[in-house]
Structure formats: C-alpha cells, structure tokens
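Chemist: The structure's right below; bear with me while I get my questions together.
In my numbering, the protein residues as written are 441 to 1128.
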C-alpha cells in the first residue's frame, strides 16, 4: 500500500511534477527533429562535395572559376599538379603544386623536372610576376596557355627554345598587361608559331615586337584598349599569314610586313577608317572588314598567280592538276551596297567640272547681291529685306556644293580610303546642315516674296494694309527657326547625313526618318503650289483689260513663266524620286542621283540672284553707285543719278499740278522740294 501511496503522492506533488511528467515525450520529439535536420544538412554537404569533385576533373588548357580549384598540367606522363585557392586574389590562401613555390611577392617559381613536357596551362592564377627563367628548358612544349592571371607584364617566353613545329602560345584575358615590347618573342622557337594574344589589356604594340619569329597566325582580337601598333611591329619577322585585329581600337595598320598576309580579319574595328595602300597587300586572298568601302580598295586588284607547289617536277597530266594553277580571286566582306558604291563622290567626270562652275556661280552671285543690298544708301524696304534672306540661303547652298567639290578633288581615285572619315566626320555633318538649311530657307523665303508681291498688287490702294518691315521680320524669324530645326534633326538621330557620300538625309530605315523626309517633301510641294497660284493671280491682276495683249503683258507673263519654271526644275525631279525612295521603292541609284544633285538641285540658288536682283534696274543702279565709291564706273553712276533726279522732278510737277484737292502743308512741302535740290535728294533717298 505504501508504494501506491508514494505514487499517488508523487502524482499529486504539485503542478511542477505534472509538467515534468508531461514534458518528457515532447523533448524526445524535439531531439528527433534536430537529428533529422542534422542528417539532411550532412546529406546536402555530401552532395555539394560530390558536385565539386565532378567539376574538378582536370582538363588541358583550362582552369576552373576563381574560388574552386586551379590546375597546372605539367607532365602528360605523370598526370597533373593541383593547386587549391579559396580566394585566388589572396596569394597566402593558396597551396602551390609540389614542384613550385609561390612567393609572398606574388611570384610563381617551378623547379620540377621539365623533360617531355608538351603542354602547359596556367589559368586563374593570383600571381603578379612570372620570373624570366620560369620557362627555361621547355624544349618539347607544343602549346602553352597563360590566361586569367594577375601578371603585370608580358611573361618572358624567349627562354623556351621550343623545337616543335607550329608551336602555339596563348596569352589571353590578362587585363593588367598593357604593352607588347620589342623582341618579346625572339628565341622562343626557330620553327613556325601561332600567337593567340586576345582579350588582354594591351594598349600598344612596339616596334620589332615580333622580331625573330615565323608567324603563321597572329590573333590580337578583343584587345579593346589596343590603339597603337607601331609601323615597324612586324620588322624582323616572317609573316603573319593570318592577322586578326577584330574588336580593337587600332586606327592604322603597320606599314611594313603586310606583304605576307593572306587573311585579314578586322571586324568591329570601327576606329580603323583608313587602310594602307592596296599595293602592299600582295598576297591577300580573304578580307573580313568593318566598312563596305574598304572592300572597294581590293575590287580592281589583278588576280593572283597560282602558287608553285613544286619547283621542278616530272609529274604530268592529272597527277599534277589538282586545281592549284587557277588564278585566285580575292574575297572581301561586307560588299559595297547601293548607298555606298565603289566610286568617287562625283560618279561621272563631267559632274566634277559642272559642280565647280555651279558652286562658283552661286557663291559669287549671291555674295554680290548681299554686299550691294547691305551697303546701299537707300532705305531697307520689305522687298530688299526679303531679298537679303534669299541671297543668304542660296549662298549657303553654294558653300555646300563647294565642300562636296573640294572633298571630291582631294579624294579622287581613293575615296574608298576616306569614305568613313568623311561620312562620319564633322565635315559631312556641316555640309548636310548647310544644304538642308539653305534649301528650306530658300523655299520659305521665295514663298514669302511671292505672297508679298501678290499682297502689294492686290491691296495697292489700301495703304493701311501694306506689309511693313515690322511685319516681315517676325515672319522671316519663323522661317529661320523652322529651317534650323529641320537641318538639325538628322544630327540628333532623325535620319542622318552619313548614309551617302553627298551628305543628304537619305536614311529611311526607321518610321520617324520616313516621316521626316516626307514632311520636307510635302512642305516643298505645297510651297511650289502657293507660288504658282500667286503668280497666276498677279498676272490676271496686272494684265491689260483690252482683248489683245500688249507687249507689257507679254513681258510680265514671260518673267513669271521663268520664275515658275526654275522652281519647277528644282523641285519636281528631286521630290518625285525622293518620295519613291522614302517608301523604300527607289527608282534611281545613288550614282544617278548625283546628276540631279548637280544639274537640278542648285538651279534656284544660281538663278535667284539674277531673276530677283541682278537683272532689275534698281539693283543695277545700286551696284554702279557702290562701284563709284571705289573710283569705278563713275560715268555710269552719274547717269543713274541724273535719271533719278529727273524722275523725281517730274513726280514733283505732277504732284503739284494735281494737288488742288491736297492739303496746304502738302503743297508747301512739294514747292520746297522742287526749289531746293539738296532737300530733294535727301527726300528721294528716304522714299526710295
């Protein structure tokens, strides 16, 4: 009974006893859960280790990613040496292979046996220096790779002295090496060699860098900082047969050692805008370049003679004829396209002569008009103001033609070598801006001049509606802003001036560019229709009311017909072919479009100064009066002064005789003017 009593007492020992009894199974459950979690973690760790072991299989010429393991394959017979690096950037945390020492200064030294060593790969190493004697005695090495290391200078490979044929040296992705010095590979091997020097931090290749080598292939691709290759870089070397400089910033190729190149690869080399003379590439068979125009340099080269396989041979017939005797044609990509054909800026010889005549005529004519109008002693009227704007616009067109003609003369016969520099440079951008600005400002001003003439004739009696200078200035200011905006858009990406050699906005690849081109053409067509309509209205307003037309009416009609015809000759052909090209259905080639550029496009710029100024009596009077200031044409200038004075006297008399209805002050003013010539002359100048 005592036992049960104790048990009952223990059961009723209080709340603490009850909690302890109930908590024991819960603790067991928690312990089981913890054990399960630990087992799962151990399994995961084992799986990760297995994966790492799978990844750490040695492979020739490669190294694993930083933070895992790095392999140095030294002996094909003995296997490999393993170096584990938890953090390859920190040398003290690395374990070097048995025959090598890793010094605290970042140097790698290997003292193991080297006989029979054929392939050596040093990758993902944290070393900064490889001593000069590190590769001494590697006489049988076939391939050596040094990639993804921290070395600061090109390793000394001159002590290798490999006797193997087609020895391969691969130095890649070493971002701290900036220079290939002279004689960097001299003594490395007496046999042919393949150099793969890609993806490094090279900035310069010095003179005689490859001296003493027989190069089969030289890969300098993907050295994105490489800007300079000395003209004598290949001096002392034989070869290379294959040169790859893709994705570099080289601006020029060496001038020596290009005769042996059979394959030239220069893709995505956008800084290489000029090539050496094509006569230096005597052995070139394949070229993969960046710009289509560079292929033009090799298009007209004579076919290469066959290579002599055997100097003296007794073979004959089909035993020897394997197709080696046929001439070889050079293959070059990318081929020239429709926008950049293999020709000079002026595709035809007669255009080269005409463009000089036209641009001189446009510049001299419009500059003369500007000088005469701006230096005239007479009051600046609305027609004079508008004529100044028109002359300036046409003068800019002359400057555009002068730029094109000058560059064509400088690059005659070798435009392919200057095409990229010209079309992507500031010169072509300036020429394109000049021509679009001049064209649109000229069209705008011609329209305003025509509207002003129509308005003056239509409202001749209503003096309060006459167009004043204060009205004309803001109107022309709007034209200047509009023309500047239209000419600037291609410079900021809406179409561009780089598409063709004549620097016109012919790029219609994007929808925005198409809208831009069509907007300009529609504006020009609408302006032409307004000019035609205004001149027709003017003709009917001033013609003789009699049935039979007089000589005066005929002269007016002829002048208007000439003005309209010159506008039509300028706008119609350009607009027609430009609209078809804007819809990507060109009806004319770029070569033929240059005929339009020279013969039709600048018609207005040459004709306007003569039709609107030089052929008028007022301009001739101003011109001779200006010359008389410098002691020229004094007699002719005096005749104009007398005519002017006589005309004003006649106007004074007519005004006095018909002034009965005029006010008294007006009569006194007329009398004073007629009696005092000095007052007359000043008043005449002000009114004219």
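No residue lacks a Cβ here, since even glycine has one placed at the ideal position from N, Cα and C. Just so you know, these numbers come straight off a predicted model, no measurement behind them.
Since residue 843 is in the beta strand (DSSP E), which residue starts that stretch and which ends it?
Modeler: Element bounds for residue 843: not the beta strand (DSSP E) but the alpha helix (DSSP H), 822-850.
Chemist: Could you give the distance in angstroms between the alpha-carbon of residue 965 and the alpha-carbon of residue 1002?
Modeler: 18 Å
Chemist: Tell me the rounded alpha-carbon separation between residue 716 and residue 692.
Modeler: 8 Å
Chemist: If you follow the alpha helix (DSSP H) that residue 926 is part of, which residue opens it and which one closes it?
Modeler: 909-928
Chemist: Using the Cβ count rule (16 or more neighbours within 10 Å means buried), how would you classify residue 1130?
Modeler: With the chain covering 441 to 1128 only, the question about residue 1130 has no answer from this structure.
Chemist: For residue 515 and residue 627, what's the separation of their Cα atoms in angstroms?
Modeler: Summary for residue 515: the model assigns pLDDT 32, below 50, so the residue's position carries little reliability; its value from the coordinates is reported in the next sentence. Computed Cα separation, rounded: 23 Å.
Chemist: Please state whether DSSP places residue 646 in a helix, a strand or coil.
Modeler: Here residue 646 carries a coil assignment [DSSP, helix/strand/coil].
Chemist: Report the option in 594, 793 and 669 whose CA atom is closest to the CA atom of residue 586.
Modeler: 594
Chemist: Please classify residue 786: does DSSP put it in a helix, a strand, or coil?
Modeler: In this structure, residue 786 counts as coil in the three-state DSSP scheme.
Chemist: Measuring alpha carbon to alpha carbon, tell me which residue in 873, 824 and 822 is nearest residue 843.
Modeler: 873
Chemist: Quick test of your reading: residue 888 and residue 826, contact by CB under 8 Å. State the CB separation rounded to the nearest angstrom.
Modeler: Residue 888 to residue 826, Cβ: 6 Å. Contact.
Chemist: Does DSSP classify residue 525 as helix, strand or coil?
Modeler: In this prediction, residue 525 scores a pLDDT of 35, lower than 50, which makes its location untrustworthy; the coordinate-derived value is nonetheless stated afterwards. Residue 525 falls in the strand class under three-state DSSP.
Chemist: Give a yes or no on contact between the region 1056-1075 and the region 840-854, applying the rule of three or more CB pairs nearer than 8 Å.
Modeler: no
Chemist: Just tell me which of 1030, 999, 1044 and 1029 has its CA closest to the CA of residue 1012.
Modeler: 1044
Chemist: Enumerate in chain order the residues of its own chain whose CB-to-CB distance from residue 650 is below 7 Å, with the five nearest sequence positions on each side excluded.
Modeler: 625, 673, 674 and 677
Chemist: Kindly give me the distance between the Cβ atoms of residue 617 and residue 592, rounded to whole angstroms, as I take these residues to be in contact under 8 Å.
Modeler: By a beta-carbon distance limit of 8 Å, residue 617 contacts residue 592. Their separation comes to about 7 Å.
Chemist: Within the same chain, show all residues whose beta-carbon is closer than 6 Å to that of residue 565, passing over the 5 residues directly before and after it, in chain order.
Modeler: 589
Chemist: Pairing CB atoms from the region 574-583 with CB atoms from the region 602-618, are three or more of them under 8 Å?
Modeler: yes
Chemist: Round the Cβ separation of residue 633 and residue 669 to the nearest angstrom and send it over; I've been treating them as touching at under 8 Å.
Modeler: About 19 Å separates the beta carbons of residue 633 and residue 669, which is beyond the 8 Å limit, so they are not a contact pair.
Chemist: Give the secondary structure of residue 968 by DSSP, where H, G and I count as helix, E and B as strand, and everything else as coil.
Modeler: helix
Chemist: Exposed or buried, what is residue 721 when buried is set at 16 or more other beta-carbons lying within 10 Å of its beta-carbon?
Modeler: buried
Chemist: For the region 791-806 against the region 1037-1055, are there 3 or more C-beta pairs whose distance is under 8 Å?
Modeler: yes
Chemist: Restricting to Cα atoms, I'd like to know which of 611, 679 and 606 is closest to residue 596.
Modeler: 611
Chemist: Let me know the secondary structure DSSP gives residue 607 once reduced to three states.
Modeler: strand
Chemist: Quick one: Cα of residue 795 to Cα of residue 786, how far?
Modeler: 9 Å
Chemist: So for residue 817, helix, strand or coil by DSSP?
Modeler: coil
Chemist: Whether or not the region 807-823 and the region 1020-1031 are in contact is what I'm after, with contact meaning three or more pairs of Cβ atoms, one per stretch, closer than 8 Å; do they touch?
Modeler: no
Chemist: Would you list the one or two residues that DSSP bridges to residue 586?
Modeler: Residue 586 is bridged to 562 and 611.
Chemist: Whose C-beta lies closer than 6 Å to the C-beta of residue 662 among residues of the same chain, with five residues either side of it excluded?
Modeler: 638, 639 and 687
Chemist: Is residue 830 near residue 886, with beta carbons less than 8 Å apart?
Modeler: yes
Chemist: Considering only the alpha carbon of each residue, which of 913, 959 and 920 lies closest to residue 935?
Modeler: 959
Chemist: Specify whether the region 943-951 and the region 890-909 touch according to this definition: at least 3 beta carbon pairs, one from each stretch, less than 8 Å apart.
Modeler: no
Chemist: Considering only DSSP beta bridges, list what residue 684 is partnered with.
Modeler: Residue 684 pairs with 659 and 705.
Chemist: Using a Cβ-Cβ cut-off of 6 Å (strictly less than) and excluding sequence neighbours within five positions of residue 858, which residues of its own chain qualify?
Modeler: So the list reads 851, once near-sequence residues are dropped.
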